[in-house]
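Take a look at the structure below.
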Amino acid sequence: NAGVTQTPKFRILKIGQSMTLQCTQDMNHNYMYWYRQDPGMGLKLIYYSVGAGITDKGEVPNGYNVSRSTTEDFPLRLELAAPSQTSVYFCASSYGSRNTEAFFGQGTRLTVV
Amino acid sequence: AQSVTQLGSHVSVSEGALVLLRCNYSSSVPPYLFWYVQYPNQGLQLLLKYTSAATLVKGINGFEAEFKKSETSFHLTKPSAHMSDAAEYFCAVSDRILTGGGNKLTFGTGTQLKVEL
Numbered sequence: 114n115a116g117v118t119q120t121p122k123f124r125i126l127k128i129g130q131s132m133t134l135q136c137t138q139d140m141n142h143n144y145m146y147w148y149r150q151d152p153g154m155g156l157k158l159i160y161y162s163v164g165a166g167i168t169d170k171g172e173v174p175n176g177y178n179v180s181r182s183t184t185e186d187f188p189l190r191l192e193l194a195a196p197s198q199t200s201v202y203f204c205a206s207s208y209g210s211r212n213t214e215a216f217f218g219q220g221t222r223l224t225v226v
Numbered sequence: 041a042q043s044v045t046q047l048g049s050h051v052s053v054s055e056g057a058l059v060l061l062r063c064n065y066s067s068s069v070p071p072y073l074f075w076y077v078q079y080p081n082q083g084l085q086l087l088l089k090y091t092s093a094a095t096l097v098k099g100i101n102g103f104e105a106e107f108k109k110s111e112t113s114f115h116l117t118k119p120s121a122h123m124s125d126a127a128e129y130f131c132a133v134s135d136r137i138l139t140g141g142g143n144k145l146t147f148g149t150g151t152q153l154k155v156e157l
């Protein structure tokens, strides 16, 4: 059982470039999330989705976009990359109820230069 | 909104010593709390969770945490540290989201655990 799979693992972008971080899960979870992790800051929620076709902003959505066309996939799009988007990005999925944990991918380490 | 605070961004212990990582929560409703571990260059892995059953929760790798309502705390402990415990540990609380009526996890800022010989 693969769980949550993210690609790529590492990426270097130049300022102004765009890219899509891929995330797929095979647990049939309705809820999916994108977090970014910065040193000393913990994880901040960027966007989330409660099912195919339904997404909403989290705490730090500026500079990002998402889509959810299937239950399995939840890509994160960075438009016009900026140095402030240098971070480690984690995708997660869950059943969305209060007592259930989220399952995380291995992360994508992104550097914008 | 619910939140958690982790006291101490870095904790260092000797191998074989007690591990104590602190987490305090703020919640207007009975909280559901989680501890995750992150090894270098890895994703987050669930250690244990509190979901209002037993106040003492046992997790993987010999870790446990005790929910104390009077202290609004959910500290993580392990009686004897091992070198392999060196990692970053995150406390999290389940928090309601606006869309869909479900929940997300809100994380603390993390505690880096160093284990020395």
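Heads up: the protein sequence lines correspond to chains A and B, in order.
Using our numbering, the letters of the first sequence map in sequence onto residues 114 to 226.
Using our numbering, the letters of the second sequence map in sequence onto residues 41 to 157.
C-beta atoms are modelled at their ideal positions from N, C-alpha and C, and glycine is treated no differently.
- According to the DSSP secondary-structure assignment, residue 132(A) is paired through a beta bridge with 191(A).
- Taking 3 residues as the minimum length, the beta strand (DSSP E) runs contained wholly in the region 74-146 of chain B are 84-90, 96-98, 104-108, 113-118, 127-136, in order along the chain.
- Closer than 8 Å to the CB of residue 215(A) there is at least one CB belonging to chain B.
- Our two residues, residue 117(A) and residue 120(B), have alpha carbons roughly 32 Å apart in a direct line.
- Apart from the 5 residues on each side of it in sequence, residue 162(A) sits with its Cβ closer than 6 Å to the Cβ of 145, 168, 181, 187 in its chain, given in chain order.
- Contact residues of the region 71-86 of chain B toward chain A are 72, 74, 82, 83, 84, 86 (C-beta to C-beta distance below 7 Å).
- By the rule that beta-carbons nearer than 8 Å mark a contact, residue 181(A) does not touch chain B.
- In this model, residue 109(B) and residue 125(A) are separated by some 45 Å (Cα to Cα).
- Rounded to the nearest angstrom, the gap between the Cα atoms of residue 200(A) and residue 151(A) is 6 Å.
- One alpha carbon belongs to residue 87(B), the other to residue 101(B), and they sit about 8 Å apart.
- In this structure, the CA atom of residue 121(A) is about 15 Å from the CA atom of residue 148(A).
- Three or more beta-carbon pairs drawn from the region 110-117 of chain B and the region 63-75 of chain B are found closer than 8 Å, and the two stretches are therefore classed as touching.
- Sorting 67(B), 47(B), 144(B), 122(B) by C-alpha distance to the C-alpha of residue 150(B) places 47(B) at the top.
- Residue 123(A) is classed as exposed because its beta carbon has fewer than 16 other beta carbons within 10 Å across all chains shown.
- A Cβ of chain B is located within less than 8 Å of the beta carbon of residue 210(A).
- Between residue 144(B) and residue 50(B), the C-beta gap is not smaller than 8 Å, which leaves the two residues out of contact.
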